[in-house]
Amino acid sequence: MEEITSAPSPSAVEQVLHCPLPQTRSTVMISRAGRRMGFSPHQIRELTAPSEVRVVRLSVPSPKRGVMIFWGVVALHNMACGPYKGGVRLASDVDLHETLELARLMTLKCAVTGVEFGGGKTGIRVEWPSIYEAHGRDYETERDREFELDVSLALMQRYAMRLRSLFKRHEYIPAPDMGSSPEHMAIVFNETLDPATVTGKPENVQGWLPGRREATGWGVSRAVMRVWREQHVEPRDCTFALQGFGNVGSWAAHFLAEEGARMVAAVDALGGVYNADGIDVEGLREHTLETGSVADFPGTVPIDPEEIYGVECDVFIPAAIAGCITERTVPQLGCKVIVEGANMPVAPSGIDALADRDILVVPDIIANSGGVVASMEEYSKSLSAEAIARETVLGMITDRIESAMDRAEELAEEQDISLVEAATEIAMRRVYDAMRVRRFI
Ligand code: NAD
Numbered sequence: 000m001e002e003i004t005s006a007p008s009p010s011a012v013e014q015v016l017h018c019p020l021p022q023t024r025s026t027v028m029i030s031r032a033g034r035r036m037g038f039s040p041h042q043i044r045e046l047t048a049p050s051e052v053r054v055v056r057l058s059v060p061s062p063k064r065g066v067m068i069f070w071g072v073v074a075l076h077n078m079a080c081g082p083y084k085g086g087v088r089l090a091s092d093v094d095l096h097e098t099l100e101l102a103r104l105m106t107l108k109c110a111v112t113g114v115e116f117g118g119g120k121t122g123i124r125v126e127w128p129s130i131y132e133a134h135g136r137d138y139e140t141e142r143d144r145e146f147e148l149d150v151s152l153a154l155m156q157r158y159a160m161r162l163r164s165l166f167k168r169h170e171y172i173p174a175p176d177m178g179s180s181p182e183h184m185a186i187v188f189n190e191t192l193d194p195a196t197v198t199g200k201p202e203n204v205q206g207w208l209p210g211r212r213e214a215t216g217w218g219v220s221r222a223v224m225r226v227w228r229e230q231h232v233e234p235r236d237c238t239f240a241l242q243g244f245g246n247v248g249s250w251a252a253h254f255l256a257e258e259g260a261r262m263v264a265a266v267d268a269l270g271g272v273y274n275a276d277g278i279d280v281e282g283l284r285e286h287t288l289e290t291g292s293v294a295d296f297p298g299t300v301p302i303d304p305e306e307i308y309g310v311e312c313d314v315f316i317p318a319a320i321a322g323c324i325t326e327r328t329v330p331q332l333g334c335k336v337i338v339e340g341a342n343m344p345v346a347p348s349g350i351d352a353l354a355d356r357d358i359l360v361v362p363d364i365i366a367n368s369g370g371v372v373a374s375m376e377e378y379s380k381s382l383s384a385e386a387i388a389r390e391t392v393l394g395m396i397t398d399r400i401e402s403a404m405d406r407a408e409e410l411a412e413e414q415d416i417s418l419v420e421a422a423t424e425i426a427m428r429r430v431y432d433a434m435r436v437r438r439f440i
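In this text, residue positions in the sequence shown follow numbering that gives the first Met the number 0: the first is 0, and each later residue adds one.
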């Protein structure tokens, strides 16, 4: 694995942190692109480093337990092109470096799609088993969605109070991410009373946006459709397989099935299903809502979630976890194209392995940008008090994805580089120019 920069000594930010920044998908991509673009090691480091990272302790009153303590990270990566933008992740495994990586990815995503936001992210560690235990309950046998919602909304209330001034200044604009939902965003709005301080607000709350829920899946489906259009194939003759059947995966499947494409496999955290003749997407969506998993859907053969990589299909859509396409899984892949629905499904070790196999990858920063494009619209229209049509929002996402793909493909061809590399270069150029003109670098 290569170094972030060629300089042997730790960077200034690493000296302050007193630890090296780990090499990740985005640091490797930024480093390689920066060298191709003639940036100095110093410039590459400044594009990689965050502008601010806050580690926050959030104490949440609990009727039974006195107080619950949560720890989180607010990573503000870059605001040269616009306010820090990024979701609030509530999960048991978040840490500073993962949150920073996701914030960096937001900077690149907004820049490549021409959305006037920068990149930020929040990660708060929520360990449900110990929260249940502290309340005298067992996580495995007494799972209670109402209880989890009450705790997470109380946590959100505390978080919104704590970061209120950052939000009120429109400096950082949060949105839902893993573990949080529009209901949590309503809590932020209650605290700031400004609809432009938060996106992903629930239906009927001032400044909400029709189409926001399905925006990312819609965008992923448009990226797939574009690939098929360029390959001169009809969707009805094409197949796809999905890893993850949550918000992004199930909506992408819904829109692709509407175009006549055949879903041959879908897996989630609990199981998987396969049928070479095609799976009924709407039936599977209902089944998942009822049972909590794709597993055991009638008319399909069960598969292990790990078997998804080997499924023969035209397009594989990873829409679940980060870092799953690695040196180990690339040789198993049975697809011709990967459209990245999830953030960073290709790990650094998978980048070169994929190039060797000549598998086209449509990068996450374009393919899953539908959510942030919708957020841009929600933010800008928040104070208009005027309802906007869902079709307008979806049309806007299609246009952004198409034009970002146009530019990335043109550069990729011109320089004989991959689409992922081209998209990173376009994003970096835009961020660098904005930093330069604002005298940040
Ligand atoms: P979600 O929680 O709605 O769904 C996640 C799905 O992945 C579920 O079906 C879950 O069972 C499955 N899953 C989890 N672990 C798995 C594993 N080990 N193997 C197979 N499946 C597994 O989440 P989402 O909102 O659909 O987001 C999915 C991914 O897309 C995440 O990486 C997220 O960061 C990214 N993303 C989401 C949005 C958005 O608007 N929701 C926008 C951009 C990127």
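Beta carbons: idealized from backbone N, C-alpha and C, even for Gly.
| query | Does the region 71-80 come within contact of the region 385-400, defined as at least 3 CB pairs closer than 8 angstroms? | reply | The answer is no - the region 385-400 does not touch the region 71-80, with fewer than three Cβ pairs under 8 angstroms.
| request: Would you kindly check if the distance between the Cβ of LEU154 and the Cβ of VAL59 is under 8 angstroms? | output: Cβ atoms of VAL59 and LEU154: closer than 8 angstroms.
| request: Put ALA6 into one of helix, strand or coil per three-state DSSP. | output: Only weak support is given to the placement of ALA6: the predicted model assigns it a pLDDT of 46, under 50, and the value that follows is read from those uncertain coordinates. Residue state, collapsed to three classes: coil.
| task | Go to ASN189, then tell me how far its alpha helix (DSSP H) extends in each direction, as first and last residue. | result | Boundaries of the alpha helix (DSSP H) around ASN189: 181-191.
| query | For ASN246, which of ARG212, ALA268 and PRO234 has the nearest alpha-carbon? | reply | Taking only the C-alpha atoms, the option nearest ASN246 is ARG212.
| said: Let me check you understand the geometry: is the CB of ILE320 closer than 7 angstroms to at least one non-hydrogen atom of the ligand NAD? | reply: Flag set: Cβ of ILE320 near the ligand NAD.
| request: Grab me the residues of PRO304's own chain with a C-beta within less than 6 angstroms of its C-beta, minus the 5 sequence neighbours each way, in chain order. | output: So the list reads VAL266 and GLY271, once near-sequence residues are dropped.
| message | Considering only heavy atoms of the ligand NAD, does any lie closer than 7 angstroms to the CB of ASP442? | response | Beyond the ends of the chain as shown, which are 0 and 440, falls residue 442; an answer cannot be given.
| field | CB contact flag (ARG399, ALA110, <8 angstroms) | value | In this structure, ALA110 does not lie closer than 8 angstroms to ARG399 by Cβ.
| query | For the 8 angstroms Cβ check, are there 3 or more pairs between the region 125-138 and the region 382-391? | reply | Short answer: they don't touch.
| request: Measuring alpha carbon to alpha carbon, tell me which of GLY243, ILE186, LEU192 and MET224 ends up nearest PRO201. | output: Of the listed residues, the one whose Cα sits closest to PRO201 is ILE186.
| field | Stretch pair the region 98-108 + the region 338-354: three plus CB contacts closer than 8 angstroms | value | Taking 8 angstroms as the limit for Cβ pairs, the verdict is that the region 338-354 does touch the region 98-108.
| query | Does ALA264 have its Cβ less than 8 angstroms from a Cβ in chain D? | reply | Chain labels in this structure do not include chain D; a single protein chain is all it has.
| query | Can ARG235 and ALA260 be called in contact, C-beta distance under 8 angstroms? | reply | With respect to the 8 angstroms criterion, ARG235 and ALA260 are classified as neighbours on the basis of their beta carbons.
| task | Have a look at PRO21, GLY37 and ARG44 and flag the residue whose alpha-carbon is nearest the alpha-carbon of ALA11. | result | Nearest Cα to ALA11 within the set PRO21, GLY37 and ARG44: ARG44.
| said: Within the continuous beta strand (DSSP E) that includes GLY270, where are the two ends? | reply: Per DSSP, GLY270 belongs to no beta strand (DSSP E) and is neither H nor E.
| request: Tell me whether GLN242 counts as near the ligand NAD, meaning its Cβ is closer than 7 angstroms to at least one heavy atom of that ligand. | output: Yes, Cβ of GLN242 sits closer than 7 angstroms to a heavy atom of the ligand NAD.
| message | For THR325 and SER348, I'd like the C-alpha separation in whole angstroms. | response | Each residue's Cα considered, the two are about 5 angstroms apart.
| query | Mind pulling the alpha helix (DSSP H) runs of 4 or more residues that sit fully within the region 340-413? | reply | If we require 4 residues or more, the alpha helix (DSSP H) runs fully inside the region 340-413 come out as 347-356, 363-366 and 369-380.
| field | Other residues of its chain near GLY216: CB distance less than 6 angstroms, five sequence neighbours each side excluded | value | Cβ within range, chain order: VAL247, TRP250 and ALA251.
| said: Counting C-beta neighbours from all protein chains within 10 Å, is the total for ILE130 16 or more, i.e. buried, or is it exposed? | reply: Here ILE130 is buried, its C-beta having at least 16 other C-beta atoms within 10 Å.
| Would you say ALA195 and GLY210 are within 8 angstroms of each other, going by their C-beta atoms? | For ALA195 and GLY210, no; Cβs fall outside 8 angstroms.
| message | At a cut-off of 7 angstroms, would you count THR121 as near the ligand NAD, judging by its Cβ distance to the nearest heavy atom? | response | Not one heavy atom of the ligand NAD sits closer than 7 angstroms to the Cβ of THR121.
| said: In whole angstroms, give me the CA-to-CA distance for VAL204 and TYR171. | reply: Pairing VAL204 with TYR171, the inter-Cα distance amounts to about 20 angstroms.
| What is the rounded straight-line gap between the Cα of ILE3 and the Cα of GLU258? | Its pLDDT being 42, under 50, ILE3 is placed unreliably by the model, and the measurement read from it follows with that caveat. Going from the Cα of ILE3 to the Cα of GLU258 covers about 42 angstroms.
| Cβ neighbour criterion (16 or more within 10 Å) applied to GLN242 | GLN242 should be labelled buried.
| request: Could you check what DSSP says for SER129 in three-state terms: helix, strand or coil? | output: Under the three-state reduction of DSSP, SER129 is assigned to helix.
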